[in-house]
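To keep things clear, I will list the structure first and then write my remarks on it.
Number of protein chains: 2
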Amino acid sequence: MNQSEICPRFEKAIGILSQRWTGLIIYQLLSGPQRNCTIKDAIGISGRLLSERLKDLEQEGIVTRTVYPETPVRIEYSLTEKGYSLEPLMKNIEKWSQEWIEKE
Amino acid sequence: MNQSEICPRFEKAIGILSQRWTGLIIYQLLSGPQRNCTIKDAIGISGRLLSERLKDLEQEGIVTRTVYPETPVRIEYSLTEKGYSLEPLMKNIEKWSQEWIEKE
DNA sequence: GTCATTAAGTTACTTTATGTAACTAATTTT
DNA sequence: AAAATTAGTTACATAAAGTAACTTAATGAC
Chain A
1 MNQSEICPRF EKAIGILSQR WTGLIIYQLL SGPQRNCTIK DAIGISGRLL
51 SERLKDLEQE GIVTRTVYPE TPVRIEYSLT EKGYSLEPLM KNIEKWSQEW
101 IEKE
Chain B
1001 MNQSEICPRF EKAIGILSQR WTGLIIYQLL SGPQRNCTIK DAIGISGRLL
1051 SERLKDLEQE GIVTRTVYPE TPVRIEYSLT EKGYSLEPLM KNIEKWSQEW
1101 IEKE
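So the protein sequences, as listed, match chains A and B. Heads up: the first sequence is residues 1 to 104, going by the working numbering. Heads up: the second sequence is residues 1001 to 1104, going by the working numbering.
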């Protein structure tokens, strides 16, 4: 039986944040808009999954994809207001890790 | 190339929290020590994965397993100090979800 | 005692997610 | 024209998660 007493909004939020790579992608984008390859090199995700996650995060309204029609075309990903609203949370995780996770 | 600039402690913390179910298990245990089956019913995880996660969390020093040699034997899981130190983080996610996740 | 029940956990198997690498398309540099 | 770069996709191998049946141990009904 699944008589869940847990708030569905909380469950949804945890669902987004507990998907592999999403936390790191959001954290990485906190330092400003970036191209696909920059994120890729910074966090070590494969191109395949990065595209997939960015698409998901776009659908959740956390990330925006902007095409700059220069030559060559430049595509940048950035956080929306909703995305930036996760900054305190990320800083919180960062602080917690410094207090509770051992070096190496 | 994976020229990660991300702090390994942060990466480790995200690694724990972004594993499926761990967030919900910790959140559930914030309301006090509980038996395996109570957690199971509350969050809707399968017995197999719950055992696996609880073992992982025990190894991370986040959860303790206590056997009460009563009849019948009672086994309870509870948060350690390290586990409880995640409470502000969890409340943070809860608050965020109430502000930014739509009902339904 | 014997049998059904319950809780914790494991085992075996299916389905889904992730990792890896080769490939396409568009555009630049040489 | 050939080689390189970026964003993204496709195809396939491996790892994680889901499902359900099973084990162990102890209880209560009979």
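Even glycine gets a Cβ: it sits at the ideal position worked out from N, Cα and C. These figures come from a predicted structure and were not determined experimentally.
Check: Counting only beta-carbon separations shorter than 7 Å, does residue 36 of chain A have a partner in chain B?; Outcome: no
Check: Please list, in chain order, the chain A residues whose beta carbon lies closer than 8 Å to that of residue 1088 of chain B.; Outcome: 92
Check: Consider the Cβ of residue 47 of chain A: report whether some Cβ of chain B lies at a distance smaller than 7 Å.; Outcome: no
Check: Is the Cβ of residue 1032 of chain B closer than 7 Å to any Cβ of chain A?; Outcome: no
Check: Comparing alpha-carbon positions, which option in B:1103, B:1012 and B:1098 lies nearest residue 43 of chain A?; Outcome: B:1012
Check: Establish whether the CB of residue 1083 of chain B and some CB of chain A are separated by less than 7 Å.; Outcome: no
Check: Return the Cβ separation of residue 1078 of chain B and residue 1029 of chain B in integer angstroms, given the expectation that the two are a contact with Cβ distance under 8 Å.; Outcome: 6 Å
Check: What residues from the segment 1005-1032 of chain B come within 8 Å of chain A, judged by C-beta to C-beta, listed N to C?; Outcome: 1005, 1006, 1007, 1008, 1009, 1010, 1011, 1012, 1013, 1014, 1017, 1018, 1019, 1020, 1021, 1022, 1023, 1024, 1027 and 1028
Check: Using only alpha-carbon positions, find the residue among B:1010, B:1102 and B:1034 that is nearest to residue 1067 of chain B.; Outcome: B:1034
Check: Could you check the C-alpha separation between residue 1052 of chain B and residue 1076 of chain B for me, to the nearest Å?; Outcome: 15 Å
Check: Would DSSP call residue 1064 of chain B helix, strand or coil?; Outcome: strand
Check: Anything in the segment 46-73 of chain A with a Cβ closer than 7 Å to a Cβ of chain B? List those residues in chain order, please.; Outcome: none
Check: Using a Cβ-Cβ distance cut-off of 7 Å, determine whether residue 1100 of chain B contacts chain A.; Outcome: yes
Check: With a threshold of 7 Å on Cβ separation, who are the neighbours of residue 49 of chain A within its own chain once the five nearest residues in sequence on each side are excluded?; Outcome: 21
Check: By how many angstroms is the C-alpha of residue 1055 of chain B removed from the C-alpha of residue 1103 of chain B?; Outcome: 34 Å
Check: I'd like the list of long-range same chain contacts for residue 23 of chain A, defined as Cβ closer than 7 Å, with 5 residues on each side in sequence excluded.; Outcome: 17
Check: Please name the residue, chosen from B:1074, B:1058 and B:1090, that lies closest to residue 1031 of chain B on a Cα-to-Cα basis.; Outcome: B:1090
Check: I need the straight-line Cα distance from residue 72 of chain A to residue 37 of chain A, nearest angstrom please.; Outcome: 15 Å
Check: Name, in chain order, the residues that DSSP records as bridge partners for residue 74 of chain A.; Outcome: A:68
Check: Reducing DSSP to helix, strand and coil, say where residue 79 of chain A ends up.; Outcome: strand
Check: For the candidate residues B:1069, B:1057, B:1095 and B:1101, whose alpha-carbon lies nearest to that of residue 1082 of chain B?; Outcome: B:1057
Check: Contact criterion: CB-CB distance below 7 Å. Does residue 1001 of chain B meet it with respect to chain A?; Outcome: Interpretation of residue 1001 of chain B is limited by its pLDDT of 34, a score under 50 that renders its predicted location unreliable; no figure is taken from the coordinates.
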